[in-house]
Amino acid sequence: MNPGADLRDYLAAERTFLAWVRTGLALMGFGFVVARFGLFLQQFRVIDHAPSVPSYGISLWFGTALITVGIAVNLGSAWRHVRLVRELEQGETSGSRSLIQAIATALFLALVGLAMAIYLFSVRGSANLSSENREEISMASVSSKEALAGGKGIIDKPSAHSVDQTVEKLKNILQAKGVALFALVDHSGEAEKVGMKMRPTKLLIFGSPKAGTPLMLAAPSIAIDLPLKILVWEDGQGKVWVSYNSPEYLKDRHGLPQELLQNIAVVETLATKAGE
49 MNPGADLRDY
59 LAAERTFLAW
69 VRTGLALMGF
79 GFVVARFGLF
89 LQQFRVIDHA
99 PSVPSYGISL
109 WFGTALITVG
119 IAVNLGSAWR
129 HVRLVRELEQ
139 GETSGSRSLI
149 QAIATALFLA
159 LVGLAMAIYL
169 FSVRGSANLS
179 SENREEISMA
189 SVSSKEALAG
199 GKGIIDKPSA
209 HSVDQTVEKL
219 KNILQAKGVA
229 LFALVDHSGE
239 AEKVGMKMRP
249 TKLLIFGSPK
259 AGTPLMLAAP
269 SIAIDLPLKI
279 LVWEDGQGKV
289 WVSYNSPEYL
299 KDRHGLPQEL
309 LQNIAVVETL
319 ATKAGE
């Protein structure tokens with residue numbers, strides 16, 4: 049060993065070498081996590097029943113780049129440590145290469161970090177948009193149950209009021225529009241009279257001869273579904289619903305001409321206003 053080389057120099061060189069090894073290992077480990085991030089997003093979307101699974105291959109490239117740099121850092125630090133030890137033995141040292149390596153690594157990590165931040169922001173924005181779209185679809189499905197439950201042509205719309213309040217509001221709307229209320233059947237009230245319990249359920253039967261007569265002249269069988277009906281009921285969770293026969297379903301069921309659809313389409317407007 050060169051007597052001019054202090055033992056502390058060798059120890060410092062060894063600490064520096066170990067620090068670079070840790071840096072390389074950290075890069076490799078972080079690169080593996082980043083590379084697997086895309087697969088995690090794909091699996092998460094599959095579990096979340098997303099309609100489509102977009103490609104997140106860019107995270108694989110980021111991760112691979114980090115792992116590659118980690119390997120390069122370990123190899124470079126090993127090579128530099130060997131050279132530094134030889135220089136110490138010869139009494140010649142230079143810190144320029146250490147500075148260049150450190151700055152180059154720091155700049156690379158800064159660029160990768162910036163790219164990852166942009167990538168994560170774009171993924172988050174896409175996920176939020178997809179989540180919002182799914183939520184809107186779900187809300188629309190729950191709010192109107194437009195799928196015509198059980199294929200029977202029944203549409204259910206939620207009400208923001210109790211059964212009695214919804215019924216009263218609907219009665220006022222009918223009166224304001226000059227539509228006759230032929231009957232109000234209190235199913236739950238009749239059940240109570242015979243000692244049976246039933247959640248609030250009331251059926252309104254209403255219509256106008258001026259609108260209904262042309263329908264029956266065009267398709268006599270529709271008389272079985274006239275006058276129009278709206279059912280106001282409460283489910284097991286206390287949610288109030290306004291249910292009615294889909295006008296399109298009635299049209300197809302009885303073969304009504306398209307120009308007469310408007311005569312029964314009023315039920316949709318009434319149900320919507322009653323639940324608001």
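So the working numbering is basically just the index in the sequence shown, starting at one, shifted up by 48.
No residue lacks a Cβ here, since even glycine has one placed at the ideal position from N, Cα and C.
Fair warning: this is a prediction, and the values are worked out from it, not measured in the lab.
With 16 other Cβ atoms within 10 Å as the buried cut-off, status of residue i
| i | result |
| --- | --- |
| Trp127 | exposed |
| Asn220 | exposed |
| Gly111 | buried |
| Ser125 | buried |
| Gly118 | buried |
| Leu265 | exposed |
| Glu282 | buried |
| Leu66 | exposed |
Pairwise C-alpha distance: residue j and residue i
| i | j | result |
| --- | --- | --- |
| Leu123 | Ile115 | 12 Å |
| Val211 | Val290 | 9 Å |
| Ser103 | Ala113 | With a pLDDT of 47 at Ser103, under the threshold of 50, the modelled position of that residue is not reliable, and no figure is offered here. |
| Leu75 | Val121 | 9 Å |
| Ala239 | Ile203 | 25 Å |
| Pro295 | Leu309 | 7 Å |
| Arg133 | Val81 | According to the sequence provided, residue 133 is Val. The question's Arg does not apply to it. If I take the Cα positions, the gap works out to 35 Å. |
| Glu316 | Lys277 | 11 Å |
| Gly77 | Glu137 | 35 Å |
| Gly284 | Asp273 | 27 Å |
DSSP three-state assignment for residue i, whether helix, strand or coil
| i | result |
| --- | --- |
| Pro275 | coil |
| Pro268 | helix |
| Lys205 | strand |
| Gly237 | helix |
| Ser192 | Note that Ser192 scores 44 on pLDDT, short of 50, meaning its location in the model is unreliable and no value can be drawn from it. |
| Val299 | For the sequence presented, residue 299 should be read as Lys rather than Val. Residue state, collapsed to three classes: helix. |
| Glu324 | coil |
| Asp217 | First, the residue type needs correcting, since residue 217 is Lys and not Asp in the sequence shown. Note: Lys217 maps to helix in three-state DSSP. |
| Gly111 | helix |
| Pro102 | Because Pro102 carries a pLDDT of 47, less than 50, the predicted location of this residue cannot be relied on, and the following value inherits that uncertainty. Coil at Pro102, not helix or strand. |
| Val280 | strand |
| Ser291 | strand |
| Leu232 | strand |
| Lys250 | strand |
Whole-Å CB distance - residue i paired with residue j, under 8 Å assumed
| i | j | result |
| --- | --- | --- |
| Arg260 | Pro248 | For the record, residue 260 in the displayed sequence is Gly; it is not Arg. With 8 Å as the limit, Gly260 and Pro248 do not qualify as a contact, their Cβ atoms being about 28 Å apart. |
| Asn311 | Leu263 | 5 Å |
| Asp234 | Lys250 | 5 Å |
| Ala322 | Leu229 | Not really, about 13 Å apart at Cβ, beyond 8 Å. |
| Val215 | Val280 | 5 Å |
Cβ pair residue i, residue j closer than 7 Å
| i | j | result |
| --- | --- | --- |
| Ala267 | His302 | yes |
| Lys205 | Ala319 | yes |
| Val222 | Phe254 | Here residue 222 turns out to be Leu, not Val, going by the sequence shown. Yes, the pair counts as a contact, with Cβ atoms nearer than the cut-off. |
| Val314 | Ser207 | no |
Heavy atom of the ligand MN within 6 Å of residue i beta-carbon
| i | result |
| --- | --- |
| Gln306 | The ligand content of the structure shown is nil, which means the ligand MN is not present either. |
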